[in-house]
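*Asks:* Can you keep this structure in mind? I'll have questions shortly.
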Amino acid sequence: MIDKTEGYTLEDRHNSRRLRLQTLVRLRWLAVGGQALTVFIVAFWLKFPLPLIASSSLIAALAWVNFYLTIRYPPTHRLEPPAAFALLGFDLLQLCALLFITGGLANPFAALVCVPVIISFASQPIRYSTALIGVAMVCITVLAFSPFPLPWFDGAEINVHNVMQFGVWCSIASTMAFAAFYAYRVSMEASQLADALAATELVLQREKHLSQLDGLAAAAAHELGTPLATISVVAKEMERELKNDDRFREDVMLLRSQSERCRDILRRLTTLSSEGEAHMRRLPLSSMIEEIVAPHREFGIRLELIEKSPRKGEPVTDRNAGIMYGLGNLIENAVDYAREKVIVTVEHDHDKVLIVIEDDGNGYAPDILTRIGEPYVTKRQKEDTAGGLGLGLFIAKTLLERSGASLVFENRDPENAGARIRIEWPRMLIDANSTK
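Here is the structure:
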């Protein structure tokens, strides 16, 4: 079940991580406004000597590019990674040029160099983001050697010692690297979670669709019943009129027998649907577990089903597609990693329903056990396989928790190697006969 969902979750990854142009344009207008306001305050309020023409030209260039993008592309346009890299690179170079003529690393706004890099790591492929952080490192190194002084009061000059310059360089570089890595990890985890949840919804919809096919069959039987009854009546009349005609007698008898056969088939379909509420929609817990376990008995692994509680008074549960898929996935994983045996234990009382799945494989690695159930985490150790991406287990865990279950993943006792999964529901959530 794990492999069946991997293609879906990775299929649209490229499109989902594209940066929306409107988002970047709005951030750039904010940058234009902030730079213009800062230059105005420094030049006209504080009256510091400032290369006003050069500064204004750089700000105007950023504004012109932003205006061009606004009229050239629709707001919903999403940037390909090379285009996003080019725009973020332009923003970085424009900001560094402005800092270069206003004091370099001595400028208190030098830390803003980190912003384009963080945006890139949060939204772009790693190779483009790595290239951009490389450009940023070169830029802040060049800023350290800026010959332009920091604008200050007339007659006063700020001399920044080389040691201080190096400290500022280290501060910006470390902040950039840490913030970029943090943004990248958060973005990747959010993207993986969104993909996994989308795959979960797809699986659940497919299971629900399959469970509703009996209703579709009943509708078809109802619609076909009337014309088929007409055909049957006409066939009877033809048989009565032509019973002495050897040319048509066999054909008419065949027509009538086949129409009766069709009526029997439609009657069974209708009966299947009418019994669905009692037989197909609801079933005892033991029957549901046996139905889930049965497909996994033919893989060379001994699969034992242990019922610790008597069947008398056992819960009667709805045929929940999410529960059946989730339990089936967990049992399949146990069979995949078991050496010889998988044990499924079912227990229930007045308060809870407990299902325990155990195998005699290698168990969970300690570092994986703390993160088990996360999407795209390798779950188990197995000599001849890679172990998968963990998406199937995430889907199973999500579906079971959605039904009200709590799951505990653990390793068995040291003398009994293997993994154990405990799935527990409050009885009132899973028993269709309970008062909810």
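Here the numbering used here is used: the first residue of the sequence shown is 5, the next is one more, and so on.
Ideal placement from N, C-alpha and C gives every residue a C-beta, glycine not left out.
Model, not experiment: these values are computed from the prediction.
1. Kindly list the residues whose CB is nearer than 6 Å to the CB of ALA342, restricted to its own chain and excluding five residues on each side of it in sequence; keep chain order.
2. Unbroken beta strand (DSSP E) runs of length 3 or more, entirely within the segment 317–365: which are they?
3. Could you tell me the alpha carbon to alpha carbon distance between THR134 and GLN39, rounded to whole angstroms?
4. Who are the near neighbours of ILE293 in its chain, counting only those whose CB is closer than 6 Å to its CB and skipping five residues on each side?
5. I need the DSSP call for GLU428, collapsed to helix, strand or coil.
6. From the DSSP output, in three-state form, read off GLU308 for me.
7. Assuming LEU102 and SER59 make a contact with CB atoms under 8 Å, what is their CB distance in whole Å?
8. Taking its Cβ as the centre, do 16 or more other Cβ atoms sit within 10 Å of CYS174, making it buried, or is it exposed?
9. Buried or exposed for SER124, please, with buried defined as at least 16 other CB atoms from any protein chain shown within 10 angstroms of its CB.
10. Please classify PRO314: does DSSP put it in a helix, a strand, or coil?
11. What residue does the beta strand (DSSP E) around ARG286 start on, and which one ends it?
12. Could you spell out where the beta strand (DSSP E) holding PHE413 opens and where it closes?
13. Rounding to the nearest angstrom, what Cα-Cα distance links LEU289 and GLU405 in this structure?
14. Between the Cα of ALA409 and those of CYS266, ILE162, ARG253 and ASN324, spot the shortest distance and give me the residue it belongs to.
15. Can a CB atom of chain B be found closer than 8 Å to the CB of MET180?
16. Grab me the residues of ILE130's own chain with a C-beta within less than 8 Å of its C-beta, minus the 5 sequence neighbours each way, in chain order.
17. For PHE303, which of ASP322, VAL339, LEU258 and TYR329 has the nearest alpha-carbon?
18. Let me confirm a value: HIS354 is counted as buried when at least 16 other C-beta atoms fall within 10 Å, else exposed. Which label applies?
19. Check whether the segment 83–98 touches the segment 136–147, taking contact to mean three or more Cβ pairs, one atom from each stretch, closer than 8 Å.
20. Taking the C-alpha atoms as reference points, what is the distance between MET328 and SER261?
21. Report the option in TYR132, PHE413 and PRO418 whose CA atom is closest to the CA atom of THR374.
22. Are ILE105 and ILE144 closer than 8 Å when you measure CB to CB?
23. Within a Cβ cutoff of 7 Å, which residues of the same chain sit near ALA47, ignoring the five residues on either side of it in sequence?
24. Identify the continuous alpha helix (DSSP H) that holds GLN98 and give its terminal residues.
25. Mind checking which residues open and close the alpha helix (DSSP H) that includes TRP156?
26. Anyone know if the C-beta pair for THR74 and VAL29 falls short of 8 Å?
27. Kindly give me the distance between the Cβ atoms of LEU309 and HIS300, rounded to whole angstroms, as I take these residues to be in contact under 8 Å.
28. For the alpha helix (DSSP H) that PHE71 lies in, which residues bound it at each end?
29. Who are the near neighbours of LEU228 in its chain, counting only those whose CB is closer than 7 Å to its CB and skipping five residues on each side?
30. Look at the alpha carbon of LEU433 and the alpha carbon of ARG424, and state the distance between them as a whole number of angstroms.
31. Could you give the first and the last residue of the continuous alpha helix (DSSP H) run that contains SER124?
32. Using beta-carbon positions only, say whether VAL360 and PRO319 come within less than 8 Å of one another.
33. Relative to the C-alpha of ARG286, which residue among PHE252, ASP158, THR402 and THR321 is closest?
34. Since VAL172 and ALA126 are thought to touch, with beta carbons under 8 Å apart, how far apart are those beta carbons, to the nearest angstrom?
35. PRO155: buried (16+ other C-beta within 10 angstroms of its C-beta) or exposed?
*Replies:* In terms of the structure at hand:
1. Position 338 of the sequence shown holds residue 342. Same-chain partners within the cutoff: ILE305, ASP363, ASP364 and GLY365.
2. 320–322, 345–352 and 356–363
3. Your numbering for residue 134 matches position 130 in the sequence shown. Your numbering for residue 39 matches position 35 in the sequence shown. Cα to Cα, THR134 sits roughly 26 Å from GLN39.
4. Reading the sequence shown from its first residue, position 289 is the one you call residue 293. VAL350.
5. Along the sequence shown, one-based indexing puts residue 428 at 424. Strand, per DSSP.
6. In the sequence shown, residue 308 corresponds to position 304, counting from 1. Three-state DSSP puts GLU308 in a strand.
7. As a working note, residue 102 is residue 98 in the sequence shown. As a working note, residue 59 is residue 55 in the sequence shown. The Cβ separation is near 6 Å, so the contact holds.
8. Position 170 of the sequence shown, counted from the start, is the residue given in the question as residue 174. Classification for CYS174: exposed.
9. Reading the sequence shown from its first residue, position 120 is the one you call residue 124. The residue in question, SER124, is buried, as its Cβ has 16 or more Cβ neighbours within 10 Å.
10. Your numbering for residue 314 matches position 310 in the sequence shown. It is coil, neither helix nor strand.
11. As a working note, residue 286 is residue 282 in the sequence shown. Unbroken beta strand (DSSP E) run through ARG286: 286–288.
12. Position 409 of the sequence shown, counted from the first residue, corresponds to residue 413. Run containing PHE413: 410–415, per the beta strand (DSSP E) assignment.
13. As a working note, residue 289 is residue 285 in the sequence shown. As a working note, residue 405 is residue 401 in the sequence shown. Going from the Cα of LEU289 to the Cα of GLU405 covers about 18 Å.
14. Within the sequence shown, the letter at position 405 stands for residue 409. For ALA409, the nearest C-alpha among the options comes from ASN324.
15. Absence of chain B from the displayed structure is noted, only one protein chain being present.
16. Locating residue 130 in the sequence shown gives position 126, counting from the first residue. Here the set comprises TYR188.
17. Within the sequence shown, residue 303 is the residue found at index 299, counting from 1. Among ASP322, VAL339, LEU258 and TYR329, the Cα nearest to that of PHE303 is on VAL339.
18. Within the sequence shown, residue 354 is the residue found at index 350, counting from 1. Result: exposed.
19. yes
20. If you number the sequence shown from 1, residue 328 lands on position 324. If you number the sequence shown from 1, residue 261 lands on position 257. When rounded, the distance between both Cα atoms is 41 Å.
21. Residue numbering aside, residue 374 sits at position 370 when the sequence shown is read from its first letter. Nearest of TYR132, PHE413 and PRO418 to THR374, Cα basis: PHE413.
22. Residue mapping note: residue 105 aligns to position 101 of the sequence shown, counting from 1. Residue mapping note: residue 144 aligns to position 140 of the sequence shown, counting from 1. Not in contact: ILE105 and ILE144 (Cβ atoms no closer than 8 Å).
23. Taking the sequence shown and counting its residues from 1, the one referred to as residue 47 is at position 43. Closer than 7 Å at the Cβ level, and outside the excluded window around ALA47, lie LEU54 and LEU56.
24. Here residue 98 is taken as the residue at index 94 of the sequence shown, counted from 1. Here the alpha helix (DSSP H) through GLN98 covers 85–104.
25. Your numbering for residue 156 matches position 152 in the sequence shown. It is not in any alpha helix (DSSP H) - TRP156 carries neither H nor E in the DSSP assignment.
26. For the purposes of this step, residue 74 is taken as residue 70 along the sequence shown, with counting starting at 1. For the purposes of this step, residue 29 is taken as residue 25 along the sequence shown, with counting starting at 1. Yes, they are a contact pair.
27. The sequence position of residue 309 within the sequence shown is 305, counting from 1. The sequence position of residue 300 within the sequence shown is 296, counting from 1. Wrong, their Cβ atoms sit about 11 Å apart, outside the cutoff.
28. Against the sequence shown, residue 71 aligns to sequence position 67. Per DSSP, PHE71 belongs to the alpha helix (DSSP H) from 56–76.
29. The residue given as residue 228 occupies position 224 in the sequence shown. Hits under 7 Å: LEU270.
30. Indexing the sequence shown from 1 puts residue 433 at position 429. Indexing the sequence shown from 1 puts residue 424 at position 420. Distance between the alpha carbons of LEU433 and ARG424 is about 23 Å.
31. Mapped onto the sequence shown, residue 124 falls at position 120. Here the alpha helix (DSSP H) through SER124 covers 118–127.
32. Indexing the sequence shown from 1 puts residue 360 at position 356. Indexing the sequence shown from 1 puts residue 319 at position 315. Not a contact, by the Cβ cut-off of 8 Å.
33. What you label residue 286 is simply residue 282 of the sequence shown in a count that begins at 1. Out of PHE252, ASP158, THR402 and THR321, THR321 has the C-alpha closest to the C-alpha of ARG286.
34. As a first step, residue 172 must be located in the sequence shown, where it is residue number 168. As a first step, residue 126 must be located in the sequence shown, where it is residue number 122. No, VAL172 and ALA126 are not in contact; Cβ-Cβ is about 25 Å, not under 8 Å.
35. Along the sequence shown, read from residue 1 onward, the residue named residue 155 stands at position 151. PRO155 should be labelled buried.
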